[in-house]
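For the record, the sequence lines run as chains A and B. Numbering follows our numbering, in which position 91 of the first sequence is assigned residue number 91; successive positions increment by one, without gaps. Numbering follows our numbering, in which position 182 of the second sequence is assigned residue number 182; successive positions increment by one, without gaps.
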Amino acid sequence: MSKDLGNGIYAEAIMVHRAEIKAKFVNRYSAILVGGLMMLLPACASANESGATIDNVLAGYQSAGAVEFSRQRGEALWAKQVVGAEPFSSRSCTSCHGADLKKPGQHVQTKKTIAPMSAAANSQRYQTEADIEKWFLRNCKWTFGRECSAQEKGDFLTYLRMQ
Amino acid sequence: MKIVTASVSAITLGMIITAAVFFSTDKAWSDEDGDKSAFWDISDLKRPGVAAVSNELYLKECGSCHMAYPPGLLPEKSWVKMMGELENHFGENAELGDAVRTELLVYMLNNSADKADYRRSKKIMRSLSADETVDRISLTPYFLRKHDEVPQRFVADNPKVRSFSNCDACHLNAVKGNFNEDEISIPGVGYWHD
Numbered sequence: 001m002s003k004d005l006g007n008g009i010y011a012e013a014i015m016v017h018r019a020e021i022k023a024k025f026v027n028r029y030s031a032i033l034v035g036g037l038m039m040l041l042p043a044c045a046s047a048n049e050s051g052a053t054i055d056n057v058l059a060g061y062q063s064a065g066a067v068e069f070s071r072q073r074g075e076a077l078w079a080k081q082v083v084g085a086e087p088f089s090s091r092s093c094t095s096c097h098g099a100d101l102k103k104p105g106q107h108v109q110t111k112k113t114i115a116p117m118s119a120a121a122n123s124q125r126y127q128t129e130a131d132i133e134k135w136f137l138r139n140c141k142w143t144f145g146r147e148c149s150a151q152e153k154g155d156f157l158t159y160l161r162m163q
Numbered sequence: 001m002k003i004v005t006a007s008v009s010a011i012t013l014g015m016i017i018t019a020a021v022f023f024s025t026d027k028a029w030s031d032e033d034g035d036k037s038a039f040w041d042i043s044d045l046k047r048p049g050v051a052a053v054s055n056e057l058y059l060k061e062c063g064s065c066h067m068a069y070p071p072g073l074l075p076e077k078s079w080v081k082m083m084g085e086l087e088n089h090f091g092e093n094a095e096l097g098d099a100v101r102t103e104l105l106v107y108m109l110n111n112s113a114d115k116a117d118y119r120r121s122k123k124i125m126r127s128l129s130a131d132e133t134v135d136r137i138s139l140t141p142y143f144l145r146k147h148d149e150v151p152q153r154f155v156a157d158n159p160k161v162r163s164f165s166n167c168d169a170c171h172l173n174a175v176k177g178n179f180n181e182d183e184i185s186i187p188g189v190g191y192w193h194d
């Protein structure tokens, strides 16, 4: 299987995979250990920390060259309708997150419920920098067809944290 | 002493054979959809269903958008392909950082259908041809055969189901890896009987 997949992340994954087959029992115990640590991480973060997390992320954007953040720009960008590929030719953040950020949204394709964006309504929001960046990457690309700039992401967060 | 050991061995062997025959014939009678297998088919001695997901990172990352499908439902090559195309994941962007993606892929490869010691994983593997890489669980021949009697109004036209992708809409114990026919309840329809 390695011929057509023998580069980059797959080569690495496959190497790890083979090593783990050799040490299957060791792997089982380490999986339990890693799983246990993963379970502990969210427990360490509390709702009160979403503000601190956002502060850290915003500071990072400013180091990356962003100027003062604007709630109004964030709000306008959040509502901006963008031409995208069918079947969602007109799309925006609200396509999935809905108009009221204190209420759950609904995924436009899968119809799955999306927990509210408001930190006041949803204590699980904005808990880690990794999650914030993961969703910015995915959703900016899906909605706008490109990654968002540090300035745009900072404007978004400045708007969203006040909801 | 030797006699005792020998008779214990004989009894143990006898119990193993009895258990093997019992379990295999039991499965042959209870299996669904004419999927009967002969009592000598050792695959019936595998654990039933598929392995439930046991990885917290997998549950979090995959389960935030859809049911975290047990890796034992697709072979390694399907998972490798899927994890290389996350930027267009069935129309969605599901990109992940390299560290998380690699950790998930390792878990998926360790538990893929071609390695899982579970009966339904084996059946999925047997249904696949070697030269194609199927993208979706719901496109494996085994899946298609198992669902070919399900009318459209139960799934695609059913607002509480919508898609065969939503296993757990009808399979009550899907997250435990159980897909038995007596553990199905279709929303708005009720318990499923073949």
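Idealized CB from N, CA, C, for every residue including glycine. Keep in mind the model is a prediction, meaning the values are calculated, not measured.
A:Tyr-159 carries a helical assignment under DSSP once its states are collapsed to helix, strand and coil.
Beta bridge pairing from DSSP links A:Val-82 with A:Arg-91. In the structure shown, A:Ser-50 adopts helical secondary structure according to DSSP, grouped into three states. About 6 angstroms separates the Cβ atoms of A:Leu-77 and A:Glu-152, confirming a contact at the 8 angstroms cut-off.
Segment contact: the region 102–116 of chain B against the region 56–64 of chain B, three or more CB-CB distances shorter than 8 angstroms; contact assigned. B:Tyr-69 sits in coil when the DSSP states are folded into three classes, being neither helix nor strand. Of all C-beta pairs linking the region 103–118 of chain A to the region 51–64 of chain A, fewer than three are shorter than 8 angstroms, placing the two stretches out of contact.
As DSSP reads the structure, B:Tyr-58 sits in no beta bridge. Annotation: A:Phe-144 to A:Asn-56 spans about 25 angstroms, alpha carbon to alpha carbon. For B:Asn-158, no chain A residue has a C-beta closer than 7 angstroms to its own C-beta; the minimum C-beta separation is roughly 12 angstroms. Counting of Cβ neighbours within 10 angstroms places B:Lys-77 among the buried residues, the total reaching 16 or more. Counting only the Cα atoms, A:Ala-119 lies some 42 angstroms from B:Pro-151.
Between B:Leu-144 and chain A, the shortest Cβ-Cβ separation is not below 7 angstroms. CA-to-CA, the gap between B:Pro-75 and A:Asp-155 works out to about 43 angstroms. In terms of Cα proximity to B:Val-50, the closest of B:Cys-62, B:Gly-72 and B:Phe-90 is B:Gly-72. In its chain, beyond the 5 residues on either side, Asn-93 and Glu-95 have a beta carbon closer than 7 angstroms to the beta carbon of B:Glu-87. Between the C-alpha atoms of A:Arg-138 and B:Arg-145 there is a straight-line separation of about 35 angstroms. Note on B:Tyr-191: under 16 other CB atoms within 10 angstroms of its CB, so exposed under the neighbour-count rule.
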